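*Asks:* Please see the structure below; I have some questions.
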Amino acid sequence: MAGEALPIHDADIPPQWAERARRKGYDAVCRVKDRYHIALCCHRCGEMVSVKAFTLMNNRPRCPTCLGRKWDGEAQQAGLVFLRRDPRHTQYGLFRAGCGHEVRRQWELIRRIGAGKVGLRCETCHLAIEQAEARAQGWTRLGTDPKNNQNYRLYRHLCGHRQRIARANVQSGRFGCGHCDPGWIAAPSFIYAMRFQLTDGETVVKLGFSRNPVSRLRFQLARSLDQDCALLQQIRIATGRKALSLEKQLHARLRKTFPEAVVAKERFESVINVGSEIYEGWLEPVILRHLDELAAREERARRSGRGRETD
Numbered sequence: 579m580a581g582e583a584l585p586i587h588d589a590d591i592p593p594q595w596a597e598r599a600r601r602k603g604y605d606a607v608c609r610v611k612d613r614y615h616i617a618l619c620c621h622r623c624g625e626m627v628s629v630k631a632f633t634l635m636n637n638r639p640r641c642p643t644c645l646g647r648k649w650d651g652e653a654q655q656a657g658l659v660f661l662r663r664d665p666r667h668t669q670y671g672l673f674r675a676g677c678g679h680e681v682r683r684q685w686e687l688i689r690r691i692g693a694g695k696v697g698l699r700c701e702t703c704h705l706a707i708e709q710a711e712a713r714a715q716g717w718t719r720l721g722t723d724p725k726n727n728q729n730y731r732l733y734r735h736l737c738g739h740r741q742r743i744a745r746a747n748v749q750s751g752r753f754g755c756g757h758c759d760p761g762w763i764a765a766p767s768f769i770y771a772m773r774f775q776l777t778d779g780e781t782v783v784k785l786g787f788s789r790n791p792v793s794r795l796r797f798q799l800a801r802s803l804d805q806d807c808a809l810l811q812q813i814r815i816a817t818g819r820k821a822l823s824l825e826k827q828l829h830a831r832l833r834k835t836f837p838e839a840v841v842a843k844e845r846f847e848s849v850i851n852v853g854s855e856i857y858e859g860w861l862e863p864v865i866l867r868h869l870d871e872l873a874a875r876e877e878r879a880r881r882s883g884r885g886r887e888t889d
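All you need for my numbering is the position in the sequence shown, starting with 1, plus 578.
Dropping the structure here:
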């Protein structure tokens, strides 16, 4: 019985015990250990199980072998390997995930995963992802949020400053250090050009400035993850103040020279999360030429040491 040898108790099996066992899917074999226990043979798997007579008469005995096979099947359906029951809580089991790590989950959640209703997230792998996200931004993930906000984590910057930051902001890079960040006005920025395809198949171009054009495109401007869009060019500018000034000059020049290229908001608002600064796709070569000229001027200014606030 589950690898355990039990002594036979020399006594007859009462007829009512045998009948109750048969009705519950077992054959009564013999009495074991003492007068309170009986050995049963499972009709389904043929394995032996020892139960108390009281359990047999008042409840439905569970066959450990059948139960183990059921758990194995449910775990396999969820893409896991069942390892063992949680000794601290009968509603939980310990499993081996596809990544190789051990996870602890409720059985009801395992069944929902197997049915495709929810997914499984390995805590170890997820922690590694969050740590990599932080490193990519120059931070170290220290732990969970001290204020117990599930959307925040505690991080340490390269300068040593500790700060609560929303994980979404760490992913997008749209945040700064509360100790050493100079703010967007003094920090380096970029003037960029981006291409978007509208629902009618036409392409348009956006000209703007941002401290992080890639993040702005992915997390702010594109309204969907599968949006057909691309960052065409970005020119590094010494400060945000200077980038803002140069961007305004470029827009004024384009609107004056090509007023017919300005796209009405109604055409792009379902695709691009912005209210203006969108031009017809045929103006793309002109915009890129302006950016090339700007890049050349910035390089000359940088070499001469005049690039920081020269407009």
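Glycine residues also receive a C-beta, built at the ideal position from the N, C-alpha and C atoms. Keep in mind it's a predicted model, so treat the numbers as computed, not measured.
(1) Can you have a look at residue 778 and say buried or exposed, based on whether 16 or more other CB atoms are within 10 angstroms of its CB?
(2) Compare the Cα-Cα distances from residue 782 to each of 684, 809 and 597 and report the closest residue.
(3) Identify whether residue 641 lies in helix, strand or coil by the three-state DSSP scheme.
(4) Can you tell me where the alpha helix (DSSP H) holding residue 793 begins and where it ends?
(5) Can you tell me the Cα-Cα spacing of residue 766 and residue 753, whole angstroms?
(6) Check the C-beta distance from residue 800 over to residue 785 and give it rounded, since I have them as a contact under 8 Å.
(7) Can you tell me which of the three DSSP states residue 595 falls into?
(8) Taking contact to mean 3 or more Cβ pairs, one atom from each stretch, closer than 8 Å, check whether the stretch 791–805 and the stretch 870–878 are in contact.
(9) Could you check the C-alpha separation between residue 846 and residue 834 for me, to the nearest Å?
(10) Determine the contact status of residue 774 and residue 850, defining contact as a CB-CB distance below 7 Å.
(11) Let me know if residue 825 comes out buried or exposed under the rule of 16 or more other beta-carbons within 10 Å of its beta-carbon.
(12) I need the boundaries of the beta strand (DSSP E) containing residue 660, first residue and last residue.
(13) Suppose only complete runs of 4+ residues qualify. What are the alpha helix (DSSP H) ranges in the stretch 832–857, listed by chain order?
(14) Look at residue 642 and residue 633 and say whether their C-beta atoms are less than 7 Å apart.
(15) So the alpha helix (DSSP H) residue 780 belongs to, where does it begin and stop?
*Replies:* According to the structure data:
(1) Reading the sequence shown from its first residue, position 200 is the one you call residue 778. Exposed, because fewer than 16 other Cβ atoms sit within 10 Å of the Cβ of residue 778.
(2) Position 204 of the sequence shown, counted from the first residue, corresponds to residue 782. Answer by Cα proximity: 809.
(3) Taking the first residue of the sequence shown as position 1, residue 641 is located at position 63. Three-state result, residue 641: coil.
(4) Residue numbering aside, residue 793 sits at position 215 when the sequence shown is read from its first letter. Run containing residue 793: 791–794, per the alpha helix (DSSP H) assignment.
(5) Counted from its first residue, the sequence shown places residue 766 at position 188. Counted from its first residue, the sequence shown places residue 753 at position 175. Spanning the two alpha carbons is a distance of roughly 14 Å.
(6) For this step, residue 800 is matched to residue 222 along the sequence shown. For this step, residue 785 is matched to residue 207 along the sequence shown. Not really, about 16 Å apart at Cβ, beyond 8 Å.
(7) Numbered from its first residue, the sequence shown carries residue 595 at position 17. In this structure, residue 595 counts as helix in the three-state DSSP scheme.
(8) no
(9) Residue 846 sits at position 268 when you count from the first residue of the sequence shown. Residue 834 sits at position 256 when you count from the first residue of the sequence shown. Looking at the two C-alpha atoms, the distance is approximately 21 Å.
(10) As a working mapping, residue 774 is identified with position 196 in the sequence shown. As a working mapping, residue 850 is identified with position 272 in the sequence shown. The answer is yes: Cβ separation under 7 Å.
(11) Translated into positions along the sequence shown, residue 825 becomes position 247. Per the 10 Å Cβ criterion, buried.
(12) Position 82 of the sequence shown, counted from the start, is the residue given in the question as residue 660. Residue 660 -> beta strand (DSSP E) spans 659–663.
(13) 843–846
(14) Indexing the sequence shown from 1 puts residue 642 at position 64. Indexing the sequence shown from 1 puts residue 633 at position 55. No, these two residues do not count as a Cβ contact at 7 Å.
(15) Translated into the one-based positions of the sequence shown, residue 780 becomes position 202. Run containing residue 780: none; DSSP gives neither H nor E here.
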